[in-house]
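I have placed the structure first, in the form of structure tokens, so that the comments after it can refer back to it.
Residue numbers (the working numbering): -2 to 158.
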């Protein structure tokens, strides 16, 4: 499918719309409290380790030695962003079960990766990862399908950037 999506919002909260089909929206989170074991598992994957090493090798931050007031470059800390899909909907029931949901989620994932590019990586999770509930059976099926395409654990995906 080569669908045309409309993006609105910004890096804190955004929405992707597939005209006359449906949408997914969500935003940045500090962590996935309810899916921490999935995040921990992903942090041991080769993709995560490679993204961390690449980011730390290619980025520095300014530090200060408070005793001497000397400013120096130090390796930047790898802090991937966390984005959750907190609402997704296919408007017309006749469009459900045709792969549109997966395409909409992919567009959300791509947009989250764009927003997180400067951070070296991004975790993307289902709504229940922040609240403990709220992810429908249909959405869980989409997550299960997407998990075959991305580095994932449970309902969390990691993309190294």
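In this text, a Cβ means the ideal position worked out from N, Cα and C, and glycines have one as well.
Computed from a predicted model, the values in this text were never measured in an experiment.
Let's test the definition: count the other Cβ atoms within 10 Å of the Cβ of residue i and tell me whether it reaches 16, buried, or not, exposed.
i: residue 16; result: exposed
i: residue 108; result: buried
i: residue 140; result: buried
i: residue -2; result: Interpretation of residue -2 is limited by its pLDDT of 44, a score under 50 that renders its predicted location unreliable; the figure taken from the coordinates is listed afterwards. Residue -2 should be labelled exposed.
i: residue 172; result: No answer is possible for residue 172: the residues shown for the chain start at -2 and end at 158.
i: residue 35; result: buried
i: residue 46; result: exposed
i: residue 82; result: buried
i: residue 65; result: exposed
i: residue 28; result: exposed
i: residue 152; result: buried
Hey, residue i and residue j are a contact pair by Cβ (cut 8 Å); roughly how many whole angstroms apart?
i: residue 112; j: residue 8; result: 4 Å
i: residue 101; j: residue 21; result: 5 Å
i: residue 150; j: residue 48; result: The pair is not a contact, with the Cβ atoms about 15 Å apart (cut-off 8 Å).
i: residue 171; j: residue 142; result: Residue 171 is absent from the structure shown; the chain starts at -2 and stops at 158.
i: residue 69; j: residue 62; result: 7 Å
i: residue 19; j: residue 97; result: 6 Å
Find the nearest neighbour of residue i within the set the options, judged by alpha-carbon distance.
i: residue 110; options: 154, 58, 68 and 99; result: 154
i: residue 55; options: 4, 138, 148 and 71; result: 71
i: residue 138; options: 93, 30 and 89; result: 93
i: residue 5; options: 105, 80 and 81; result: 105
i: residue 80; options: 2, 63, 12 and 97; result: 12
i: residue 115; options: 156, 82 and 135; result: 156
i: residue 133; options: 30, 148 and 86; result: 86
i: residue 75; options: 90, 67 and 58; result: 58
i: residue 127; options: 91, 144 and 84; result: 84
i: residue 30; options: 14, 146 and 129; result: 129
Output yes if chain D places a C-beta closer than 8 Å to the C-beta of residue i; else output no.
i: residue 20; result: Protein chain content of the structure displayed is limited to a single chain, and chain D is not contained in it.
Point to revise | alpha helix (DSSP H) runs wholly inside the region 80 to 114, at least 4 long, in chain order | key: 97 to 113
Exercise for review: Report the residue ranges of all alpha helix (DSSP H) runs contained in full by the region 12 to 58; include only those spanning at least 4 residues, in chain order.
Suggested key: 33 to 39 and 43 to 55
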